[in-house]
Structures are given as structure tokens and as C-alpha cells.
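Going line by line, the protein sequences match chains A and B. Sequential numbering from 280 applies to the first sequence in the working numbering. Sequential numbering from 512 applies to the second sequence in the working numbering. This report refers to the structure that appears directly beneath it.
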Amino acid sequence: MSISVCVASKSYGAVRAVQQVSLEVRRGETVALLGHNGAGKSTTIGMLLGLIAPDAGRVLVCGREPGAAVAEGRIAAMLQDTGMMPAVRVGELVELAGRCYPAPLPTARALDLAGLSPLAGRRVDRLSGGQAQRLRFAVAIVSDPDVLVLDEPTRALDVKARVEFWQAMRAYAATGRSVLFATHYLDEVDENAGRVVVMAGGRVVAAGTPAEIRRMAGGGTVVFTVSGPHGDDTGLAGLPGVTGVSVDGERVTLRTADCDATVRALAAGAVPDWRDLRVSPASLDESFLMLTREAEA
Amino acid sequence: MNTYLIRLEIVRAVRDPRYLALAVATPIGFYLLFATLFGQGPNVPVNLMVAMAAYGAIWAVLSTTGPRIAQERELGWLTQLRAMPVPAWQVFTAKLLAGLASALPAILAVCLVAVLVKGVRLDPGQWAALVGAMWLGTAPFAALGVAVGYAVNADASYVVCYGLYMVTSAVGGLWIPPAQLPESFREVSGWLPSNRLAELGWQVAGPSPALWPSIGVLAAWTVGLGVIALLAYRRPRFAPRPAAAR
């Protein structure tokens, strides 16, 4: 087990940042930590790195206390709001980071993995946003960690920089490392994570594959065509599970919390002469909003 | 000990043009100006050399500690270091050592100009003692810079360090010989680390050196400021903004 968080809690005065969070990342897994700002993602990550001591519960990284795991180079992180030493060169900084660990990657290899080889001689304070983010990535992976933690790694990056960043991340994950990343960009979760842990209000509210999360939130849209003018919206809105109706000529779109129940009612003849039936699951966006809204309500 | 961290800290200082301008070039300029204007007495060139070496060394140490530490705190570099296996004492020690290291070129540069341009002559033993004593004598300023760097933000730290530098230099008798200072300044002067740093050099260059009073005052400042620096450093900082504040 790469990461094992067991009913950990942390409060700041009256603010309960993290409440009884349990979370596991197996070796080689890429897991997304999904949540709004203030959901407890950064506090959870701080506990994994030994920067924050939990008030209760237990945190283990590769079977060790977080502080020991950091010292042994088993876990490394790209944190939010961290900067780099100014006025030194990219290569020098990665070299410095490598020398802090017992068994680092060669500096050239870390620069290469982060796509920074051509910029090794550039001064750290003269990098673009995307380049600076890849430098943070290089500083994290130069320790050759078993577990890589990324806290909102693509925040404030443009589309091109985001694509380049995830390419670098996937190449690293493909070498058999475990990755835990926090984000609130859902497309990144679908493309990069095998499993998702959804946090809201300091708690874990759902966990599973992206598909399972969609299913957990349930719901989706049911679309069909009716012959002739239908006109009777009220009957549609009364169907089982339906939460919203829109009619565009002959085309009817039903938003539903329970696709199965809605389709069964249609099949039982609740609406005459329907055809071209299409059922689509909720997007991850919709599922996420539904799950976090339930948790925060 | 991560010697590469110390090396990078020193490299950064040397690459900073403000360091060369203010800590090395300015004292040399003042030395040449003052030594030419007031160079009548037999001891004036050597006394001015010591005063200006102290003047440069103090700024070298303060400018490579205070403003830089404050800047790194604001940028988040120090938070990054906390997420890496770099013990806090190593970060702290590297800062102090880099600060001290940056003082040496400032001292040597003034001495070299004094020898070449104003014909200052001392025994080899005196030179070694003068440079060594004045170099180590900058320790209280390294502690002061670290304390300021952890206590206030980047903009304020530059102003605070420069202000303290100007006041201690003036009152400590680096610009005007202590004997010619106003009476009220003279009472305070001997208690200031700036004055005692120069006093080390003046004593070494004089006929019968008495170093212990100055060493005592400087050591007391170092310990006192070191404790303050440690307290400023240990204020807890890493805590994400609580959810309610976002």
C-alpha cells in the first residue's frame, strides 16, 4: 500500500478542515482527489508529507510515518503556493533537490522527464507559468519517489501547458509509481486517474472509478421523439425520477435522477408512440456537483 | 550537511549586481574619497580602511540574509524546503554561512585598495588577524539579518535592514571617527556591534591590541540576536487557509 490514511481528522480552531478521512492508494495506482476549494484536499496532502500532524487517526506512506517516508525519498510532492529559490538556474535547482535525497535520479534524467532539458541554463525567475510548474515537477521526481503527490498541478496553466504537463505526469506514472493528484478539473480526472476520491466539507463523500462515480450519483438524460404535437409537459414531469423536462418540437429531453425507472415507465406506456430513445449517463461534472451538493446540504 | 545548498546560496549573492555595487564597490569608493579628503594623519588610511571594510561587510551580511529570506518566504521556497528532507537547522545554517561568506570579499576588496592605492602596510600576522577577526565579527549581523528575514515581509525587510545599517554605521563611528562623534552618540557607540566590529580591526592594526572587550560585546549581540532569529524562525507557518476564509 503506497498511501494509507485511516480516519484522520484535523481542525484549525473551530474550522474542521478534515474529518475522519480514510483513503488508500495502492502501488502503481493513479488516484484523483476531487473537491472544491476548502474541501480538505490540501490538508490531506499536508498530512501525507508530515507537514501537518493529524489531531486523530493514522497516516502511513509506504508503511512508514510520513516524516520518515519524506526523508527516505519515498514520497515527494508538488505543493500549491510553493516557489523556487530565485536567481539560480533550472539545472542547479534540480541538482540541489536531488542532493537532498538518498537515491536520486540523475539531474539530466529528471530535467528530461519534465521536458526541461533545453531550459537547464535558464534562471528560475525567468520561466513562464507552465515552465515553472514543470520545474516543480522536476524537483519532485528527482527524488525518484514511489509516491508522487500533486496538489492542483495545472492550476493557472493554459491549455497547451496543461497538455504538456499531463504528458510528463503519465510518462512518470507509467514507470510503476503511485500518483495522487488533487484537482477540480474534471476532464483531467477522466483522462488521467484510475480512481477518484471525492471530498466535500472535509470528508470523503465518494470513491471509485470515474464510471462508478457517475453511477453513484445516478441520473442522466433520457431523450426520445414523439409523433405529432405532444403538448402535455405536466405528464412528462410526473414520470418516475424525472427532475426536468424540455420539449423542442417532437424531441423530448428528460433529465432524470434514475434512468432505469424513467425508461421502465416509458416502456409501460406512460407516453404513447415514442421512438429514437437515447439514454446517457450524467457527465462527471454533473455527478460531482450532485455528490458534493448532497454532502454539503 | 548539504554543501550544495551553501554553495548555491553564495553563488546567488555573487550573481546579484546589487551585492557588488553596495557591499563591495561603494565602500571602496567611500574609502578613496575619505582617504583623499582626510588623509593627513599617519593612521588615517589604515583606520579608514578598517571602517570601510566593516561598512561593506555589514551590508554584505545583512543584504544576503534579511531581504532574501523574506523574499523566499513570500515566494514559498521555504515551504517547498519543508516538504523535502532538508532539516530546518541546515536551512538556517546555510543562510548564516552564506551571509558570512559574502562578507569576506567586501573586507578583502577594501584592504586591497588600501594597500595598492594608499600604501597601507601591516605585518602578515596583522593582516591575517585583521581579516579573520573582522570576518568572524560580522556574526551578529548575520543573526540580525536572519531575524529580520523571518520577522517581516520582503519589502519591509529591505527597508528595515538598510535603516539599521545606516543608523549603526553612523552612530558606530564608521563614517566619522568615534572621537569626533557628538557626545550623545559616543555613549552608545561602544555598545553597538558596528563600532565593535571596526574596533577589532583598529586594535589589531594598533600598537597594543586589546581585543577581548570587543569580542565580548560582539558575542553578546550574536547570542541575543541568534535567539531572536531562532524564535522568529520557529513561528509556525504551514497551515492551509481554513475553508471558511476561502
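The beta carbon of each residue, even a glycine, is placed where N, CA and C say it ideally should be.
Asked                                                                                                                                                                                     : Found
How is the alpha helix (DSSP H) around S680 (chain B) delimited, first residue to last?                                                                                                   : 665 to 682
State yes or no: is the C-beta of S566 (chain A) within less than 8 Å of the C-beta of A452 (chain A)?                                                                                    : no
Quick one: is R554 (chain A) buried, meaning 16 or more other Cβ sit within 10 Å of its Cβ, or exposed?                                                                                   : exposed
Can you list, in chain order, the residues of its chain whose CB lies under 8 Å from that of I420 (chain A), leaving out five sequence neighbours each side?                              : A355, L384, A389, L392, A393, L427, Y451
Taking L516 (chain B) as the query, report the chain A residues whose CB atoms sit under 7 Å from its CB, ordered along the chain.                                                        : L375
Apart from the five residues on each side of it in sequence, which residues of its chain come closer than 6 Å, Cβ to Cβ, to L675 (chain B)?                                               : none
Going residue by residue through the stretch 592 to 664 of chain B, where are the continuous alpha helix (DSSP H) segments of at least 4 residues, counting only ones entirely within it? : 599 to 629, 635 to 647, 650 to 662
What separation, rounded to the nearest whole angstrom, lies between the Cα atoms of N554 (chain B) and E351 (chain A)?                                                                   : 59 Å
How would you write the range of the alpha helix (DSSP H) that F549 (chain B) sits in, first residue to last?                                                                             : From DSSP, F549 (chain B) is part of no alpha helix (DSSP H); its letter is neither H nor E.
Using DSSP with H/G/I as helix, E/B as strand and the rest coil, what is G317 (chain A)?                                                                                                  : coil
Looking at chain A, is there any beta carbon in it that lies within less than 8 Å of the beta carbon of G587 (chain B)?                                                                   : yes
For the beta strand (DSSP E) holding Y291 (chain A), just list the boundary residues, first then last.                                                                                    : 282 to 291
Would a C-beta distance cut-off of 8 Å place T500 (chain A) and R534 (chain A) closer than the cut-off?                                                                                   : yes
Is the beta carbon of V421 (chain A) within less than 7 Å of some heavy atom of the ligand SAM?                                                                                           : No copy of the ligand SAM appears in this structure; indeed no ligand is present at all.
With 16 other CB atoms within 10 Å as the buried threshold, where does L556 (chain A) fall?                                                                                               : exposed
If you measure beta-carbon to beta-carbon, which residues of the stretch 321 to 337 of chain A are closer than 8 Å to chain B?                                                            : S321, T322, G325, L328, L330, I331
Spatial neighbours of F749 (chain B) within its chain, please: C-beta separation below 8 Å, excluding the five flanking residues on both sides.                                           : Residue confidence for F749 (chain B) is low, a pLDDT of 47 falling below 50, so the modelled location carries little weight and cannot support an answer.
Give me whichever residues DSSP pairs with D430 (chain A) in a beta bridge.                                                                                                               : A:A461
Nearest to A574 (chain A) by CA position, among A:G480, A:A387, A:P551, is which residue?                                                                                                 : A:G480
If you compare alpha carbons, which of B:T649, B:R746, B:T514 is closest to G567 (chain B)?                                                                                               : B:T649
Using a C-beta cutoff of 8 Å, does A614 (chain B) count as contacting chain A?                                                                                                            : no
Hey, is the stretch 641 to 655 of chain B in contact with the stretch 708 to 722 of chain B, meaning 3+ C-beta pairs nearer than 8 Å?                                                     : yes
I want to verify the contact list: residues of chain A whose CB lies under 9 Å from the CB of V522 (chain B), in sequence order.                                                          : A366, V367, E371
Determine whether the beta carbon atoms of S281 (chain A) and D425 (chain A) lie at a separation below 8 Å.                                                                               : yes
Using the Cβ count rule (16 or more neighbours within 10 Å means buried), how would you classify D423 (chain A)?                                                                          : buried
When the distance is taken between beta carbons, is T576 (chain B) closer than 8 Å to Y530 (chain B)?                                                                                     : no
Let me check understanding here. Comparing Cα to Cα, which of B:C622, B:V657, B:P693 lies closest to A735 (chain B)?                                                                      : Per the sequence shown, residue 735 (chain B) should be read as Gly rather than Ala. Minimum Cα distance to G735 (chain B) is reached at B:V657.
Counting along the chain, where does the alpha helix (DSSP H) carrying I580 (chain B) start and finish?                                                                                   : 555 to 586
R757 (chain B) to A318 (chain A), Cα distance in whole Å?                                                                                                                                 : Low confidence applies here, because R757 (chain B) scores a pLDDT of 33, under 50, leaving its location unreliable; read the following figure in that light. Distance between the alpha carbons of R757 (chain B) and A318 (chain A): 10 Å.
Can you say whether P381 (chain A) is buried or exposed, counting buried as having 16 or more other CB atoms within 10 angstroms of its CB?                                               : exposed
Using 8 Å as the threshold, is the stretch 557 to 573 of chain B in touch with the stretch 618 to 629 of chain B, meaning 3 or more CB pairs across them?                                 : yes
How big is the Cα-Cα spacing for R518 (chain B) and D666 (chain B)?                                                                                                                       : 26 Å
Is there a C-beta anywhere in chain B that falls below 8 Å from the one on C341 (chain A)?                                                                                                : no
How should W588 (chain B) be labelled, buried or exposed, when 16 other C-beta atoms within 10 angstroms of its C-beta is the threshold for buried?                                       : buried
For K289 (chain A), does the count of other Cβ atoms within 10 angstroms reach 16, so buried, or fall short, so exposed?                                                                  : buried
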